[in-house]
Amino acid sequence: MNRSDHAGTMKITLLSRAYLLTGEACGHQSAGEPVWPDIRIARKSNMTDTSIAEEGMPAIEDFAALLDESYGASDSLEGTVIKGTVINIENDLAIIDVGLKSEGRIPLKEFAAPGQDAELSVGDTVEVFLERIENSAGEAVLSRDKARREEAWEKLEVAFDKSERVDGIIFGRVKGGFTVDLSGAVAFLPGSQVDVRPVRDIGPLRGIPQPFQILKMDRRRGNIVVSRRAVLEESRAEARSELIGTLEEGQTLEGVVKNITDYGAFVDLGGVDGLLHVTDIAWRRVNHPSEALTIGETVKVQVIRLNKDTQRISLGMKQLEEDPWEALEAKYPVGAKFTGRVTNITDYGAFVELEAGVEGLVHVSEMSWTKKNVHPGKIVSTSQEVEVMVLEVDQARRRISLGLKQCMDNPWDSFAQTTPVGTEIEGVVKNITEFGLFVGLENDVDGMVHMSDIDWTQPGEQAIQEYKKGDTVKAKVLDIDVEKERVSLGIKQLAEDPFAGAAEMKKGAVVTCTVSKIQDAGLDVEISEGVVGFIRKGELSRDRAEQRPDRFAVGDKIDAKITAIDNKTRKVTLSIKAREVAEEKQAVAQYGSSDAGASLGDILGAAMRKASEEDGGSDDKADG
Numbered sequence: 001m002n003r004s005d006h007a008g009t010m011k012i013t014l015l016s017r018a019y020l021l022t023g024e025a026c027g028h029q030s031a032g033e034p035v036w037p038d039i040r041i042a043r044k045s046n047m048t049d050t051s052i053a054e055e056g057m058p059a060i061e062d063f064a065a066l067l068d069e070s071y072g073a074s075d076s077l078e079g080t081v082i083k084g085t086v087i088n089i090e091n092d093l094a095i096i097d098v099g100l101k102s103e104g105r106i107p108l109k110e111f112a113a114p115g116q117d118a119e120l121s122v123g124d125t126v127e128v129f130l131e132r133i134e135n136s137a138g139e140a141v142l143s144r145d146k147a148r149r150e151e152a153w154e155k156l157e158v159a160f161d162k163s164e165r166v167d168g169i170i171f172g173r174v175k176g177g178f179t180v181d182l183s184g185a186v187a188f189l190p191g192s193q194v195d196v197r198p199v200r201d202i203g204p205l206r207g208i209p210q211p212f213q214i215l216k217m218d219r220r221r222g223n224i225v226v227s228r229r230a231v232l233e234e235s236r237a238e239a240r241s242e243l244i245g246t247l248e249e250g251q252t253l254e255g256v257v258k259n260i261t262d263y264g265a266f267v268d269l270g271g272v273d274g275l276l277h278v279t280d281i282a283w284r285r286v287n288h289p290s291e292a293l294t295i296g297e298t299v300k301v302q303v304i305r306l307n308k309d310t311q312r313i314s315l316g317m318k319q320l321e322e323d324p325w326e327a328l329e330a331k332y333p334v335g336a337k338f339t340g341r342v343t344n345i346t347d348y349g350a351f352v353e354l355e356a357g358v359e360g361l362v363h364v365s366e367m368s369w370t371k372k373n374v375h376p377g378k379i380v381s382t383s384q385e386v387e388v389m390v391l392e393v394d395q396a397r398r399r400i401s402l403g404l405k406q407c408m409d410n411p412w413d414s415f416a417q418t419t420p421v422g423t424e425i426e427g428v429v430k431n432i433t434e435f436g437l438f439v440g441l442e443n444d445v446d447g448m449v450h451m452s453d454i455d456w457t458q459p460g461e462q463a464i465q466e467y468k469k470g471d472t473v474k475a476k477v478l479d480i481d482v483e484k485e486r487v488s489l490g491i492k493q494l495a496e497d498p499f500a501g502a503a504e505m506k507k508g509a510v511v512t513c514t515v516s517k518i519q520d521a522g523l524d525v526e527i528s529e530g531v532v533g534f535i536r537k538g539e540l541s542r543d544r545a546e547q548r549p550d551r552f553a554v555g556d557k558i559d560a561k562i563t564a565i566d567n568k569t570r571k572v573t574l575s576i577k578a579r580e581v582a583e584e585k586q587a588v589a590q591y592g593s594s595d596a597g598a599s600l601g602d603i604l605g606a607a608m609r610k611a612s613e614e615d616g617g618s619d620d621k622a623d624g
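In my numbering, the protein residues as written are 1 to 624.
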């Protein structure tokens, strides 16, 4: 049925009722009887509408006006909230009479809160939303949910404008958050706005009326965003400000451990949280707060620091106990030995607990006499009981230096007593460096053979190439430094120094040597076993034409004069030229002077003849 048909039906109905009422008023017949004969009589007597009105009967135009007024009033009710009466309940439906031609039906669930049963009885007056006066079935279309929503929206808008809290019930879960019933209006609660801290289980919060703060409203789109967190933060802020105003540094309180982190624990002091740092839990070492605390535990704490501006509270538990560092110097004198437990191992050493709250550091250099480049974890282990010696106590800085090796025999002292300087020993090459060999000796003592002490004749760089790790070598102890923990060894010292014979040689002496190597710069010669020398190219002859190294051969025997002896490089410098010049001077001095007119050839010739004659005379005498 369309709107025009509906209007026609309403007019006919109202007109019929009007004529019935008119008939009763005129007294023509009793109520309920037809009035059509009276109408016809009126028409026969040519009665006008005015005359009918004068006789007490309403005019037809008045009926039309009344009809239009009634119909228009009814039509204007659509889209509004009106009151109705429950006249019946059947099949989970409530039949509501709102004063229209027909009643409306509303499901009972619309009268119940989420998760609850409807409390509705016949005769109850309720507010409903009129969507349509009549549907195709001739019933009024009503809605309780929309009525509650309209009512709720009006109240929520007022609360939103005044920034007031509203009560709601969390009843469902959606993507990104939850749904909240605000007395009929459905709002969205983001997951981040549930609590001040992330909530894993929201079950305990469901179905419970609780306050919310409206963050955003859009009536056109029907969107409402609320926050429970804002209410909690506001309440906590008020309680926090009130409580902080009563707190003082040094005050002792009781609180409940609310949360535990890697760096400490948050303690609830009754509306305000304070931080209990891990270093303030106990005087002893606490690696993680969970070792000493559990969530929900009631603890006694002291206010260490209080900043009323930032509302930050620092708490401590160890401050309520006696400080073990008091009078520590008298309790742990330097040089005394104690037994402790290894609590922590680092790259630079190990911490040893002497008593609860008192720890000392054993530096890596004080852990072993012999193991120098070893990680502390390879010497000691966590929770191991060890004996240590107190090396230093700094009570002001709360530091104790301990020594582990001082409680053991010094192998360097033992080595110095059993193996004095000059002793020949045997060991294994443990390491080869650019400056020498490290040889492992008894009792984990290492000795070093410097590259200069490997061989008398070969350069150190060349001599060290003949050794590798794991080789067993013999050496002689050259020096022992117990304080520096060093043992110097020598391999070449096992044999006599061949250069010692060169010490008997003197500069200027003429020696016979053997050519060992020919170079462009000169000749390498061997004077004796282990003693080598060098003749520069310019020193091979007085005659420049004869200063050629290639005129010599390896193995040639030559006489040369010593010009220099270098004990550091262990080399002797020689010269043939210097020998020839010396011989010339000697001949000139013996056989004549060049100033007397004789040439050098004459002098040398005469000397040679005299020498040959002396040789011949000696031969004749021998023959005679």
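We put the CB at the ideal spot given by N, CA and C, even for glycine.
Closer than 8 Å by C-beta to residue 109: which residues in its own chain qualify, once you throw out the five before and the five after it? Chain order, please. Correct list, in chain order: 92, 118.
Outcome for residue 377 when other beta-carbon atoms lying within 10 angstroms are tallied against a minimum of 16: Residue environment: residue 377 is assigned as exposed (fewer than 16 neighbouring CB atoms within 10 Å of its CB, all protein chains considered).
Given this structure, state the Cα-to-Cα distance separating residue 493 from residue 482, to the nearest angstrom. Distance between the alpha carbons of residue 493 and residue 482: 22 Å.
Determine the closest residue to residue 192 out of 185, 186, 200, with distance taken between C-alpha atoms. Out of 185, 186, 200, 200 has the C-alpha closest to the C-alpha of residue 192.
Residue 373 in three-state terms, based on DSSP: Residue 373 carries a coil assignment under DSSP once its states are collapsed to helix, strand and coil.
Bridge partner(s) assigned by DSSP for residue 130: Residue 130 is bridged by DSSP to 80, 142.
Using 8 Å as the Cβ pair cut-off and three pairs as the minimum, do the region 217-224 and the region 242-251 touch? In this structure the region 217-224 does not lie against the region 242-251, because fewer than three pairs of beta carbons, one per stretch, are closer than 8 Å.
Cα separation between residue 30 and residue 155? Unreliable positioning characterises residue 30 in this predicted model, as indicated by a pLDDT of 38, which lies under 50. The coordinate reading is nonetheless provided below. Distance between the alpha carbons of residue 30 and residue 155 is about 53 Å.
Cβ-Cβ separation, residue 402 to residue 360 (assumed contact under 8 Å), whole Å: Yes, they are in contact, since the Cβ atoms of residue 360 and residue 402 sit about 4 Å apart, within 8 Å.
Apart from the five residues on each side of it in sequence, which residues of its chain come closer than 8 Å, Cβ to Cβ, to residue 395? Same-chain partners within the cutoff: 325, 328, 329.
Please tell me whether residue 89 and residue 97 are closer than 7 Å, where the distance is taken between their beta carbons. Contact flag unset, no.
According to DSSP, what are the bridge partners of residue 536? Note: residue 536 sits in a beta bridge opposite 522.
7 Å Cβ cutoff met for residue 231 and residue 173: No; because the gap between Cβ atoms is not below 7 Å, this pair is not in contact.
In whole angstroms, give me the CA-to-CA distance for residue 564 and residue 508. Each residue's Cα considered, the two are about 8 Å apart.
Going by beta-carbon coordinates alone, are residue 338 and residue 320 separated by less than 7 Å? For residue 338 and residue 320, no; Cβs fall outside 7 Å.
Out of curiosity, what's the CA-to-CA distance linking residue 584 and residue 569? Approximately 32 Å between the Cα atoms of the pair.
Looking at the unbroken alpha helix (DSSP H) that takes in residue 415, where does it start and where does it end? Start and end: 411-418.
Closest residue to residue 129 among 412, 106, 80, 497 (Cα-Cα distance): Nearest of 412, 106, 80, 497 to residue 129, Cα basis: 80.
Should residue 576 be labelled buried (16 or more other beta-carbon atoms within 10 Å of its own) or exposed? Its Cβ being crowded by 16 or more others within 10 Å, residue 576 is buried.
Is the region 465-473 touching the region 517-536 in the sense that three or more CB pairs, one from each, lie closer than 8 Å? The region 517-536 makes no contact with the region 465-473, as fewer than three CB pairs between them are under 8 Å.
Could you check where the alpha helix (DSSP H) with residue 231 kicks off and where it finishes? Note, residue 231: alpha helix (DSSP H), 229-244.
Starting from residue 528, follow its DSSP beta bridges and name the residues at the other end. Its beta-bridge partners are 531.
Once DSSP output is grouped into helix, strand and coil, what is the label at residue 91? Three-state DSSP puts residue 91 in coil, outside helix and strand.
Tell me, please, whether the region 411-429 touches the region 439-449 by the rule of three or more beta-carbon pairs shorter than 8 Å. As far as the Cβ criterion goes, the region 411-429 touches the region 439-449, which means the pair count is three or higher.
Please list the terminal residues of the continuous alpha helix (DSSP H) segment that includes residue 329. Per DSSP, residue 329 belongs to the alpha helix (DSSP H) from 328-331.
Under the rule that 16 or more other beta-carbon atoms within 10 Å means buried, what is residue 545, buried or exposed? Exposed.
Element boundaries [beta strand (DSSP E), containing residue 461]: Careful: residue 461 lies outside any beta strand (DSSP E), inside the alpha helix (DSSP H) at 460-463.
If you drop the 5 nearest sequence neighbours on each side, which residues of the same chain put their C-beta closer than 6 Å to that of residue 350? So the list reads 342, 362, 376, 380, once near-sequence residues are dropped.
Beta-carbon proximity of residue 177 to residue 189, cut-off 7 Å: Yes, the pair counts as a contact, with Cβ atoms nearer than the cut-off.
Rounded to the nearest angstrom, how far is the Cβ of residue 571 from that of residue 538, given a contact under 8 Å? A Cβ-Cβ distance of about 17 Å is found for the pair residue 571 and residue 538, leaving them out of contact under the 8 Å criterion.
Ranges of the beta strand (DSSP E) found wholly within the region 246-304, counting only runs of at least 3: You should have 252-260, 264-268, 273-277.
DSSP beta-bridge partners of residue 406: For residue 406, which the question treats as bridged, DSSP gives no partner whatsoever.
Close Cβ partners of residue 344 (< 6 Å) along its chain, the five nearest in sequence each way excluded: Excluding positions up to five away in sequence, the list reads 351.
Leaving out the 5 sequence neighbours to the left and right, which residues in its chain are closer than 6 Å to residue 277 when beta-carbon positions are compared? Closer than 6 Å at the Cβ level, and outside the excluded window around residue 277, lie 264.
Could you tell me the distance, in whole angstroms, from the CA atom of residue 125 to the CA atom of residue 94? Looking at the backbone, the Cα of residue 125 and that of residue 94 are separated by about 12 Å.
From residue 141 to residue 135, what distance separates their C-alpha atoms? Taking the straight line joining both Cα atoms gives about 7 Å.
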